[in-house]
Amino acid sequence: MKKTKTTTSQKITLDVSPRKVFGKKLNQIRKEGILPANIFGTNFKSVSISVPMKDFIKTYRAARGTSVIYIKLEKEEIPVLIKKVQKHPIHNLVLHVDFKKIDLKQKVETEVPIKVNGISIAVTQKGGVLLTQTNKLLVVALPQDIPQEIIIDISKITEIGQEIKVSDLPKSTTYEIKTDAVRTIISVIEHKEESTVAETAVAAPEVLTAKPEEGAERTTETTAKEGVDKKAPAADAKKEEPKKPEDKK
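For the sequence shown, position 142 (counting from the first letter as 1) is numbered 142 according to full-length UniProt numbering, and the numbering increases by one without interruption.
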């Protein structure tokens with residue numbers, strides 16, 4: 001089930017020129033379509049270079065961050081890997097690139113992206129959901145043997161719950177995968193529908209009130225009546241007695 005394929009890169013070249021502009025002046029050459037960059041490496045004196053932006057973008061897409069790039073600087077051809085790409089935090093434009101010079105006779109360690117290929121009936125016919133848990137694998141190889149990507153065929157996944165781990169991948173004669181063997185790369189899980197809210201209205205909670213003690217139960221009507229009765233005598237007290245007629249003399 002664990003059929004995989006790898007693709008290796010073809011020779012990629014990039015023409016550059018020595019750079020004599022630094023600091024604040026770099027913004028001006030960027031506006032002119034020139035990308036500032038550096039080349040560094042073990043036992044190698046760092047070199048500042050200028051790269052046409054369009055050429056770098058094309059090369060970057062071809063190399064995919066893993067392939068060896070042969071930089072042509074004047075009469076010299078320098079094998080490098082892209083080490084760091086600095087981008088603008090808002091506009092995502094490339095501002096600067098670091099290339100690392102490598103020894104073609106020594107193995108290097110780098111991450112290689114995976115690419116899913118094929119159709120899984122566990123997904124198309126049984127309603128499963130394909131889950132990619134690992135996007136890149138750590139690989140050790142000679143620079144020219146680094147694959148651009150590792151293609152994983154998921155057509156062998158026929159049941160929900162099946163997965164492809166690093167240990168399921170076949171051994172390669174040109175590179176070694178250093179990612180943990182137990183790491184899951186691809187799996188198919190059961191599709192779980194979200195719980196639906198009941199359409200019936202929710203009953204209002206019952207309000208509990210404390211009952212008055214026995215003998216103390218009195219209604220509002222009774223209280224009001226008592227209040228009237230209490231005021232009645234006062235009202236009667238205010239009534240004046242009728243005056244007696246005076247005796248005529």
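No residue lacks a Cβ here, since even glycine has one placed at the ideal position from N, Cα and C.
The structure displayed is predicted, hence computed values, not measured ones.
6 Å Cβ shell around Val51 - same chain, five flanking residues per side excluded: Val16, Leu35, Ala37
Terminal residues of the beta strand (DSSP E) in which Asp98 lies: 94–101
For Glu190 and Leu93, the rounded distance between their alpha carbons: 40 Å
Whole-angstrom C-beta distance between Glu149 and Glu64, which should lie under 8 Å: The amino acid at residue 64 is misidentified as Glu; the sequence shows Arg. Going by Cβ atoms, the distance from Arg64 to Glu149 rounds to 7 Å, so yes, they are a contact pair.
Close-in-space but distant-in-sequence residues of the same chain around Val108 (CB under 8 Å, 5 per side omitted): Leu81, Ile102, Val140, Ala141, Leu142, Pro143, Ile146
N- and C-terminal bounds of the alpha helix (DSSP H) containing Asp55: 53–63
Own chain residues within Cβ distance below 7 Å of Thr59, not counting five before or after: Ile12, Leu14, Ile69
Length of the line joining the Cα atoms of Lys165 and Glu193: Straight-line Cα distance between these residues: approximately 27 Å.
Nonlocal neighbours in the same chain, by C-beta distance under 6 Å from Ile78, ignoring five residues either side: Ile71, Lys101
DSSP state of Gln144 mapped onto helix, strand, coil: helix
Residue closest to Lys24, alpha-carbon to alpha-carbon, out of Thr66, Phe56, Leu95, Glu74: With distances taken between Cα atoms, Lys24 lies closest to Leu95.
Check whether Thr184 and Gln125 have beta carbons under 8 Å apart: no
Contact check, Gly118 vs Ile154, beta carbons under 8 Å: yes
Collapsed DSSP secondary structure at Gln86 in the structure displayed: strand
Nearest neighbour of Ser167, chosen from Glu159, Thr174, Ile152 [CA to CA]: Ile152
Ala122 - DSSP class collapsed to helix/strand/coil: helix
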